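Line order of the protein sequences matches chains S and F.
According to my numbering, the first sequence is numbered sequentially starting from 575.
According to my numbering, the second sequence is numbered sequentially starting from 4.
Yeah, the Cβ is synthetic: ideal placement off N, Cα and C, and Gly gets one too.
Just so it is clear, the structure is predicted and the values come from calculations on it, not from any experiment.
Worksheet for the structure shown next.
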Amino acid sequence: MKIEILGSGCPKCKQLEANARKALEETKKKGEIVKVTEIDKIIDYGVMSTPAIVIDGKIKAYGRIPEVEEIKKWF
Amino acid sequence: MEKKDWSLMFWIALVFAIFYFIPPNSDWFNNSVLSGINLLGEYAKQHVLTCLLPALFIAGAISVFIKKEKVMKYLGHEAKKYVSYGVASVSGAILAVCSCTILPLFAGIRKRGAGLGPAVTFLFAGPAINIAAIFLTMSVLGLKIGLARVFFAVLISILAGLTMQFIFREKVEKEKLIIQETEESKVSNIVLGLFFVLLVGVLVVNGLQINPLLKFSLIGFFTLGVILIVLFKFRNHSTKMWLEETWNFAKILLPLLFIGVFVAGFIMPLLPQSLIENLFGQNNLIGNLIASVFGAFMYFSTLTEIPILQALIAKGMASGPALALLLSGPSLSLPSMLVIRKVLGTKKTGVYVLIVIIYSTIAGLIFGLL
Chain S
575 MKIEILGSGC
585 PKCKQLEANA
595 RKALEETKKK
605 GEIVKVTEID
615 KIIDYGVMST
625 PAIVIDGKIK
635 AYGRIPEVEE
645 IKKWF
Chain F
4 MEKKDWSLMF
14 WIALVFAIFY
24 FIPPNSDWFN
34 NSVLSGINLL
44 GEYAKQHVLT
54 CLLPALFIAG
64 AISVFIKKEK
74 VMKYLGHEAK
84 KYVSYGVASV
94 SGAILAVCSC
104 TILPLFAGIR
114 KRGAGLGPAV
124 TFLFAGPAIN
134 IAAIFLTMSV
144 LGLKIGLARV
154 FFAVLISILA
164 GLTMQFIFRE
174 KVEKEKLIIQ
184 ETEESKVSNI
194 VLGLFFVLLV
204 GVLVVNGLQI
214 NPLLKFSLIG
224 FFTLGVILIV
234 LFKFRNHSTK
244 MWLEETWNFA
254 KILLPLLFIG
264 VFVAGFIMPL
274 LPQSLIENLF
284 GQNNLIGNLI
294 ASVFGAFMYF
304 STLTEIPILQ
314 ALIAKGMASG
324 PALALLLSGP
334 SLSLPSMLVI
344 RKVLGTKKTG
354 VYVLIVIIYS
364 TIAGLIFGLL
């Protein structure tokens, strides 16, 4: 499972990454978390509101920070 | 040791250093501290409850109830040009919350939406058209300069966008933007409209010069209206999100504002009046230009440009340079220039900065004549 966190490095993106990590730990699933910080790459996904989270190529949320529980449901 | 411990150690060391280096029994220091405290007191008494608080609630409401997708439609590449420039200049308040969201939005509008022009308009207007900042400007610095700020910020943002587009003539890639439908709010548009009118009404009434009893009853009446709408027309979820967003804004803006106010008050007695008067005392080209350049490079955290301007005006800054600072301050700073450079490249960033400085200077000159 590939989890990509899109964001240029502000506190919101860090919080989303932390939530994603926690969700991964708690569900004990296998996955890698990749941070995408370059603006050009971010808009290649079609996303304009960071932070955003993409799981296995699908955009799950953008412009907000989903809670740990919500992220777990997407695994 | 955990990261938190290092952070705590840093703060303890910093606070200690501050108090270690305080000059003992010095008049100027005590004077400055008192001035800082007094300015904080003034803000607390006159601006926080009646201006900041309603503005924060409004900002929270905007971010929850106005669907971003509806706005983004007008910034896509199918939108008519004059519409996208207009929408870009006012949508900062709706679309961008923290400064880090402005950059991806800017890149998106530029490459996949309406193009470089509206994107630049958005880049400038985003930080400039800030609900809390505008109302606080009117409350602290006066209605005239507050209105001038809004008017010229919108105007400059559109002109800057048009100028950039004219100079560089970029083409847009024909890709589509992802516009996801978020959940529909179950509140009718009429009720929503009334809600906003009442909230803004509180702010407007507070600024009017009318009989205090009338003012108080009008504000009370409007507030009651807002509460009734919230109780009976909003779902719990909407209300909860609104209050949460309001609190998020408050968390980000208020602490820095208080620090900024104290610092502005602290330095106010220290500012050399003669220097300020020489540089900015008159509505001439030099004064406006210097103020504009200063604003462009200096970093102001949101809202702190207001108490700083208050200090400068108290020490003799004329209205033209003051407006020039108000216009170039929030949208640009040396750090933000470096970040913009990563997306726009050095040449275009340089042109953008020049445009902002020139237009702010002109705006200041014009305002100074009024």
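Residue i, DSSP secondary structure in three states
i, result
"residue 377 of chain F", "Residue 377 of chain F lies beyond the stretch modelled for chain F, which goes from 4 to 373, so this question has no answer here."
"residue 116 of chain F", "strand"
"residue 126 of chain F", "helix"
"residue 121 of chain F", "helix"
"residue 319 of chain F", "coil"
"residue 305 of chain F", "coil"
"residue 287 of chain F", "coil"
"residue 191 of chain F", "coil"
"residue 275 of chain F", "coil"
"residue 350 of chain F", "helix"
"residue 54 of chain F", "helix"
Beta-carbon spacing of residue i, residue j below 8 Å
i, j, result
"residue 613 of chain S", "residue 621 of chain S", "no"
"residue 131 of chain F", "residue 160 of chain F", "yes"
"residue 148 of chain F", "residue 325 of chain F", "yes"
"residue 320 of chain F", "residue 279 of chain F", "yes"
"residue 207 of chain F", "residue 61 of chain F", "no"
"residue 205 of chain F", "residue 222 of chain F", "yes"
"residue 642 of chain S", "residue 578 of chain S", "no"
"residue 155 of chain F", "residue 346 of chain F", "no"
"residue 370 of chain F", "residue 295 of chain F", "no"
"residue 360 of chain F", "residue 331 of chain F", "yes"
"residue 354 of chain F", "residue 105 of chain F", "no"
Member of the options whose CA lies at the smallest distance from the CA of residue i
i, options, result
"residue 356 of chain F", "F/370, F/367, F/336, F/365", "F/336"
"residue 75 of chain F", "F/59, F/92, F/198", "F/92"
"residue 192 of chain F", "F/20, F/68, F/47, F/234", "F/68"
"residue 338 of chain F", "F/228, F/35, F/352", "F/352"
"residue 225 of chain F", "F/7, F/209, F/9", "F/209"
"residue 309 of chain F", "F/152, F/115, F/242", "F/152"
"residue 168 of chain F", "F/370, F/118, F/322", "F/118"
"residue 73 of chain F", "F/94, F/170, F/54", "F/94"
"residue 588 of chain S", "S/601, S/575, S/604, S/610", "S/610"
"residue 195 of chain F", "F/120, F/273, F/368, F/70", "F/70"
"residue 362 of chain F", "F/166, F/231, F/274, F/58", "F/166"
"residue 51 of chain F", "F/143, F/126, F/36", "F/143"
Beta-bridge partners of residue i, as assigned by DSSP
i, result
"residue 636 of chain S", "S/626"
"residue 95 of chain F", "In the DSSP output, where bridge partners are listed per residue, residue 95 of chain F has none listed."
"residue 579 of chain S", "S/609, S/627"
"residue 79 of chain F", "F/116"
Interface partners of residue i on chain F, CB under 8 Å
i, result
"residue 616 of chain S", "107, 110"
"residue 613 of chain S", "106, 107, 110, 345, 346"
Any non-hydrogen atom of the ligand ADP within 7 Å of residue i CB
i, result
"residue 632 of chain S", "Ligands in the displayed structure: none, and consequently the ligand ADP is not present."
Chain-ordered neighbours of residue i on chain S, where CB pairs are closer than 7 Å
i, result
"residue 104 of chain F", "623, 624"
"residue 115 of chain F", "617"
Partner residues on chain S for residue i, Cβ-Cβ distance less than 9 Å
i, result
"residue 67 of chain F", "Under the 9 Å cutoff, chain S gives no residues; its nearest Cβ is about 11 Å from residue 67 of chain F."
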